[in-house]
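Structure first, commentary second.
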Amino acid sequence: MRLNDEETAMLAGEMGEVAQTAIRHQIAVGEFFDARDFVPVTQAHIMADTESLGQAGVMWLERLCDAKDGRHLVRVPTITDPRGTDFSKADALGQSAWMLELERRAIDAFVKLGVTMTDTCVNYQTVLAATRGEHVAFGDTGVVIYSNSINGARSNFEGGPSALAAGLTGRTPRYAFHLDEYRRATLRVQVDFVPNGLDEWGALGGVIGRLAGNYWQVPVIEMGEVAPSSDQLKHFGAAMASFGSTALFHIVGVTPEAPTLGEVGGQRLPVRQCIGRSDIEALTRSYALEKTVDVVVFSAPQLSLYELRTLAELCDGRRFKVPLLAVTSPQVKPDADRFGFTERIEAAGGTVLSGMCFYQSYAREMAEAKGWKRLASNSAKLVNILGGYGYVPMLASMTACVDAAETGELQ
Amino acid sequence: MKELVLSARHAMGRKVEGHALVANDGLSARYDLNRLTGVFSRPAHKLVGQSYVGRILVLDTAKGGVASAWMLHEMQSRDMAPLAIVFNSVNTILVQGAALAGIPMLAGFDEDVTACVPHGAWVEVDPAVGTLRVLDPQGRASASASASDAESHGTQSNMSKVRFVERG
Chain Y
803 MRLNDEETAM LAGEMGEVAQ TAIRHQIAVG EFFDARDFVP VTQAHIMADT ESLGQAGVMW
863 LERLCDAKDG RHLVRVPTIT DPRGTDFSKA DALGQSAWML ELERRAIDAF VKLGVTMTDT
923 CVNYQTVLAA TRGEHVAFGD TGVVIYSNSI NGARSNFEGG PSALAAGLTG RTPRYAFHLD
983 EYRRATLRVQ VDFVPNGLDE WGALGGVIGR LAGNYWQVPV IEMGEVAPSS DQLKHFGAAM
1043 ASFGSTALFH IVGVTPEAPT LGEVGGQRLP VRQCIGRSDI EALTRSYALE KTVDVVVFSA
1103 PQLSLYELRT LAELCDGRRF KVPLLAVTSP QVKPDADRFG FTERIEAAGG TVLSGMCFYQ
1163 SYAREMAEAK GWKRLASNSA KLVNILGGYG YVPMLASMTA CVDAAETGEL Q
Chain P
4 MKELVLSARH AMGRKVEGHA LVANDGLSAR YDLNRLTGVF SRPAHKLVGQ SYVGRILVLD
64 TAKGGVASAW MLHEMQSRDM APLAIVFNSV NTILVQGAAL AGIPMLAGFD EDVTACVPHG
124 AWVEVDPAVG TLRVLDPQGR ASASASASDA ESHGTQSNMS KVRFVERG
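Protein chains in written order, with the numbering used here: chain Y, 803 to 1213; chain P, 4 to 171.
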C-alpha cells in the first residue's frame, strides 16, 4: 500500500505504539484486498460485545490502553455498538456475575481509549447520521448497510478490531465500498408488492439478502412508488445484511445514489427475480414451528422512539403470561421514560432494556438460565441469528407478538 | 496421480497443512458455530454436527455479522479455532478477524474451490504463493505430518485430539 508521510510515521512507531499496532493491522487487511492507499474517516463505530470479545479480546483491549508511552487515544469520534447487558436488568436476564465483570472491564478499557460509549446499533437514527460521500469505519452490519444505502455514506463492514484501528489511526484502507466501481448494482430484483409492518420489511430484506448471498453483491430493487420510513428501511437493511452479508443496496427512486435504474448501472442487468408476497410468506412460514411461546423479544435492531410508542399502545390493558423484552438505545430510553412508553410496557409485564442487544448478550446462556426456547419476534434479523443459539425462533408482526405475550401462543 | 493446485487471488498468514472440511455453504462464527464445543451448530448448515477445530475450512463465502472478527481471536486463544479458512469469496470481517487471530486465509479462485477439493482431503495452504494444494484426496496422511510446520501455534495440538468425521 502507498503510505503518506503521516502513515509512514505511524508505521515506524513515531505516533505511539498503539497507532503502530493499529496501522499494521490495517495494512494486513488492506493488502489482502489490494487497497492502493488509505482514506481518512470522520467516524468509527465499534462492535465489541463481550460474548464475542471473550476474555482474550478484553485482555487485548486492556493491553492497548496500558501502552507505556501513554499515547492510546482514538483520533476521530469513535462510538460503540450495543453492549452485552443492561446492568440494571441483568438479574431478569439470568446473566452471571462473570459476564458483568467482563463487561465492566471492556467498558473501562474503551473509556481509557477515548471511545464514546453510545452502545447503539441505530446511531444513524440517534447519534450522528453519516452523510452522502462521507467515508466512515462502521461496525455492525445493520449500521453499515443503512449508512451506505440510505445515507449514501461509504463504509465497509468493519469488525471490532478494524473499527477500533480506524478510530486510532483516523483512516481505513481504501477498498470495496469506498470505491465507486463497487457501488454499482450487480443484482436486479423487482418487488411486486409493498410490505406491511416491520416484520414484512425485514422478511423482504431477508429474501433479497439470501438471493444476493455475499458481501460483494449490490442489489438494485425496483418496487414502484414507495416511500418507506426510517424504521422500515432499518429492518429491511438489517435483515438483508444478516441473511446475505450484504453491505449496500439501492431502491430506485428512494435511495440517494439511485434516482434512476441507469444511475447505478441497473439497466444492463437482467431481472434476476420478481419477488412477491408469497416469497416473504414462505420465509416467515419457515420459522413458524411451534404454537406456544416462551419469550417475546423486540430487538436487533434497537427500537426507535416510535416503535416503542406503538408497542406501548399495544400493551395498554394487557397482562403478559410470558416475558416480553423490548430493547432500545441509551439515547432513546430516557425519552421513552419521559413520554411514559416504558411505564406502559412494563405495566403489562414487559421489560424495556437499554444499551444492549438480545443476541449480543449471551443469548445461549440466557436460554438455559431462563428456560427460553420458543421465541417470537418481529425482527427477521433476530430470528435468522437465533437458530444457531438453540432457539426455535418465530417471525410475526408486532401485534401478533404482543398477543403471544398475553396468551402464550402465537396465532 | 496429478496433484491438484488451486491459486487464490487473496491470501494472508503462514503455511499450514491439515484435513479439509469442505461444503458449498457459508460461514458465520456467530450464527453457525457452537464455539464452546467446537462444532457447526446451525441446523441448516451443511456441516452441522462436525468439528471445525484444527481443520482447514473450505467454504463458499463469509456470512453474517461483524462479531466474527473478535470471535476468531477468542477461539484461537482457547485452541478452538480452524487451522485455516479458504473461501470462494470472503467478506471484510473474516479477513480482519483472521488478521487479528493469525489464522491463514485464502480467497478468490477461478474455480469453485468447494467443488474441487474433496471433503476430508489432506491439503496445504500456502499464503506466500497463494495456493491450496491437495496432497492426499483421501485424507489419509498422518496427522503427525503437521508437526513439520515449524511456525505452528496452539491449534496444531488439536490435530491429534480431533478425529476426522465423514460427511453424511
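Every residue, glycine too, gets a C-beta built ideally from N, C-alpha and C.
Predicted model only: the values in this text are computed from it and were never measured.
### Query
What are the residues of the stretch 6 to 17 of chain P that lie near chain Y, defined by any Cβ-Cβ distance shorter than 8 angstroms?
Answer in chain order: H13, A14 and M15.
### Query
Mind checking if V19 (chain P) is an interface residue toward chain Y, Cβ cutoff 8 angstroms exclusive?
Locating residue 19 (chain P) in the second sequence gives position 16, where the first residue counts as 1. Not an interface residue.
### Three or more C-beta pairs below 8 angstroms linking the stretch 1188 to 1198 of chain Y and the stretch 98 to 113 of chain P
They do not touch, by the three-pair rule.
### Task
With a threshold of 16 other CB atoms inside 10 Å of the CB of L39 (chain P), please say whether the residue is buried or exposed.
To locate residue 39 (chain P), count along the second sequence from 1; it is residue 36. Counting every other CB atom within 10 Å of its CB across the protein chains shown gives L39 (chain P) a total below 16, marking it as exposed.
#### Entry: Residue(s) in a DSSP beta bridge with E939 (chain Y)
In the first sequence, the residue the question calls residue 939 (chain Y) occupies position 137. According to the sequence shown, residue 939 (chain Y) is Ala rather than Glu. Y:A846, per the DSSP bridge assignment.
### Message
Would you say L135 (chain P) lies against chain Y (beta-carbon separation less than 8 angstroms)?
### Response
As a working mapping, residue 135 (chain P) is identified with position 132 in the second sequence. No, L135 (chain P) does not count as interfacial toward chain Y.
### Segments assigned alpha helix (DSSP H), at least 4 residues, entirely inside the stretch 85 to 125 of chain P
Those alpha helix (DSSP H) runs which fall completely within the stretch 85 to 125 of chain P and span 4+ residues are 95 to 104 and 116 to 119.
#### Entry: Reduced DSSP category for Q1104 (chain Y) - H, G, I as helix; E, B as strand; rest coil
As a position in the first sequence, residue 1104 (chain Y) is number 302, starting the count at 1. Here DSSP, grouped into helix, strand and coil, assigns Q1104 (chain Y) to strand.
### Task
Under 7 angstroms between beta-carbons, which chain P residues line up against S898 (chain Y)? List them in chain order, please.
On the first sequence, position 96 is the one that residue 898 (chain Y) refers to. One finds nothing in chain P with a Cβ atom closer than 7 angstroms to the Cβ of S898 (chain Y); even the nearest lies about 14 angstroms away.
### Message
Per the DSSP calculation, H1052 (chain Y) is bridged to which residue(s)?
### Response
Locating residue 1052 (chain Y) in the first sequence gives position 250, counting from the first residue. H1052 (chain Y) is bridged to Y:V1022.
### Query
Quick one: what's M861 (chain Y) bridged to in DSSP?
Translated into positions along the first sequence, residue 861 (chain Y) becomes position 59. DSSP links M861 (chain Y) through a beta bridge to no other residue.
### Query
Which two residues bound the contiguous beta strand (DSSP E) that contains L1127 (chain Y)?
Working through the first sequence from its first residue, we reach residue 1127 (chain Y) at position 325. Per DSSP, L1127 (chain Y) is one residue of the beta strand (DSSP E) stretching across L1126 to T1130.
#### Entry: contact_flag[the stretch 1026 to 1043 of chain Y, the stretch 993 to 1009 of chain Y] where n(CB pairs < 8 angstroms) is 3 or more
Yes, the stretch 1026 to 1043 of chain Y is in contact with the stretch 993 to 1009 of chain Y.
### Query
Does the separation of the CB atoms of L902 (chain Y) and F912 (chain Y) fall below 8 angstroms?
The count along the first sequence starts at 1 and reaches residue 902 (chain Y) at position 100. The count along the first sequence starts at 1 and reaches residue 912 (chain Y) at position 110. No, the Cβ-Cβ distance between L902 (chain Y) and F912 (chain Y) is not below 8 angstroms.
### Query
G872 (chain Y): buried (16+ other C-beta within 10 angstroms of its C-beta) or exposed?
Translated into the one-based positions of the first sequence, residue 872 (chain Y) becomes position 70. Exposed is the label assigned to G872 (chain Y), since fewer than 16 other Cβ atoms lie within 10 Å of its Cβ.
### Query
Among Y:P997, Y:T988, Y:F1045 and Y:D1033, which one has its Cα closest to the Cα of G1015 (chain Y)?
One-based indexing of the first sequence puts residue 1015 (chain Y) at position 213. For G1015 (chain Y), the nearest C-alpha among the options comes from Y:F1045.
### Task
Please determine, among Y:I825, Y:P1103 and Y:G1190, the residue with the shortest C-alpha to C-alpha distance to S1156 (chain Y).
Along the first sequence, read from residue 1 onward, the residue named residue 1156 (chain Y) stands at position 354. Comparing alpha-carbon positions, the option among Y:I825, Y:P1103 and Y:G1190 lying closest to S1156 (chain Y) turns out to be Y:P1103.
### Query
Which same chain residues, not among the five before or five after R143 (chain P), have their C-beta less than 8 angstroms away from its C-beta?
Numbered from its first residue, the second sequence carries residue 143 (chain P) at position 140. Around R143 (chain P): W125.
### Query
Is the beta carbon of E936 (chain Y) less than 8 angstroms from the beta carbon of R956 (chain Y)?
Locating residue 936 (chain Y) in the first sequence gives position 134, counting from the first residue. Locating residue 956 (chain Y) in the first sequence gives position 154, counting from the first residue. Yes. Within cutoff.
### Query
Below 8 angstroms between beta carbons: does that hold for L138 (chain P) and E20 (chain P)?
As a working note, residue 138 (chain P) is residue 135 in the second sequence. As a working note, residue 20 (chain P) is residue 17 in the second sequence. Less than 8 angstroms separates the beta-carbon of L138 (chain P) from that of E20 (chain P).
### Query
With a cut-off of 8 angstroms, does the C-beta of I1187 (chain Y) fall near any C-beta of chain P?
Start at 1 with the first residue of the first sequence, and residue 1187 (chain Y) comes out as number 385. With 8 angstroms as the cut-off, I1187 (chain Y) counts as an interface residue toward chain P.
### Task
Could you confirm whether any beta carbon from chain Y is found closer than 8 angstroms to the beta carbon of H76 (chain P)?
Residue numbering aside, residue 76 (chain P) sits at position 73 when the second sequence is read from its first letter. In terms of beta-carbon proximity, H76 (chain P) lines the interface with chain Y, with at least one pair separated by less than 8 angstroms.
### Message
In the DSSP output, which residue or residues are listed as bridge partners for H13 (chain P)?
### Response
Translated into positions along the second sequence, residue 13 (chain P) becomes position 10. Beta-bridge pairing links H13 (chain P) to P:A110.
### Task
Run the CB neighbour count on E114 (chain P), radius 10 Å, all protein chains shown included, and call it buried at 16 or more, exposed below.
By one-based count along the second sequence, residue 114 (chain P) stands at place 111. Burial call: exposed.
#### Entry: Beta carbon proximity, R143 (chain P) to chain Y, threshold 8 angstroms
In the second sequence, residue 143 (chain P) corresponds to position 140, counting from 1. Residue contact check for R143 (chain P) against chain Y: no CB pair falls below 8 angstroms.
### Message
For a quick check, are the C-beta atoms of C1117 (chain Y) and A1150 (chain Y) less than 8 angstroms apart?
### Response
For the purposes of this step, residue 1117 (chain Y) is identified with residue 315 of the first sequence, where counting begins at 1. For the purposes of this step, residue 1150 (chain Y) is identified with residue 348 of the first sequence, where counting begins at 1. Taking the C-beta atoms as reference points, A1150 (chain Y) is found nearer than 8 angstroms to C1117 (chain Y).
### Query
Going along the chain, which residues of the stretch 892 to 919 of chain Y sit with their C-beta nearer than 9 angstroms to a C-beta in chain P?
Within the stretch 892 to 919 of chain Y, no residue has a Cβ lying closer than 9 angstroms to any Cβ of chain P.
### Message
What would DSSP say about H874 (chain Y), mapped onto helix, strand or coil?
### Response
The residue labelled residue 874 (chain Y) in the question sits at position 72 within the first sequence. Coil at H874 (chain Y), not helix or strand.
### Query
Do you know how far the Cα of L1063 (chain Y) is from the Cα of S1179 (chain Y)?
Taking the first residue of the first sequence as 1, we reach residue 1179 (chain Y) at position 377. Taking the first residue of the first sequence as 1, we reach residue 1063 (chain Y) at position 261. Taken atom to atom, the span from the alpha-carbon of S1179 (chain Y) to that of L1063 (chain Y) is near 34 angstroms.
### For R1176 (chain Y), the first and last residue of its enclosing beta strand (DSSP E)
Within the first sequence, numbered from 1, the residue matching residue 1176 (chain Y) stands at position 374. R1176 (chain Y) -> beta strand (DSSP E) spans R1176 to S1179.
### For D129 (chain P): DSSP bridge partner residues
On the second sequence, residue 129 (chain P) is found 126 positions in, with the first residue counted as 1. Paired residues: P:T134.
#### Entry: Where G29 (chain P) sits in the DSSP three-state scheme
On the second sequence, position 26 is the one that residue 29 (chain P) refers to. Looking at G29 (chain P) - three-state DSSP - the assignment turns out to be strand.
### Query
What are the uninterrupted segments assigned as beta strand (DSSP E) that are 3 or more residues long and contained completely in the stretch 1127 to 1169 of chain Y, given in chain order?
At a cut-off of 3 residues, the continuous stretches assigned as beta strand (DSSP E) that sit fully inside the stretch 1127 to 1169 of chain Y are 1152 to 1156.
### Query
Between G29 (chain P) and R1120 (chain Y), what straight-line distance do the alpha-carbon atoms span, to the nearest angstrom?
Reading the second sequence from its first residue, position 26 is the one you call residue 29 (chain P). Reading the first sequence from its first residue, position 318 is the one you call residue 1120 (chain Y). Rounded to whole angstroms, G29 (chain P) to R1120 (chain Y) spans 42 angstroms at the Cα level.
### Message
Which residues in chain P have a C-beta closer than 8 angstroms to the C-beta of Y1017 (chain Y)? List them in chain order.
### Response
Translated into the one-based positions of the first sequence, residue 1017 (chain Y) becomes position 215. Listed by position along chain P, the residues whose Cβ is nearer than 8 angstroms to that of Y1017 (chain Y) are T64, A65, S92, V93, N94 and T95.
### Message
Taking 8 angstroms as the threshold (beta carbon to beta carbon), is E99 (chain P) in contact with chain Y?
### Response
Within the second sequence, residue 99 (chain P) is the residue found at index 96, counting from 1. Reading off the sequence, residue 99 (chain P) comes out as Gln, not Glu. Under the Cβ criterion of 8 angstroms, Q99 (chain P) is counted among the residues facing chain Y.
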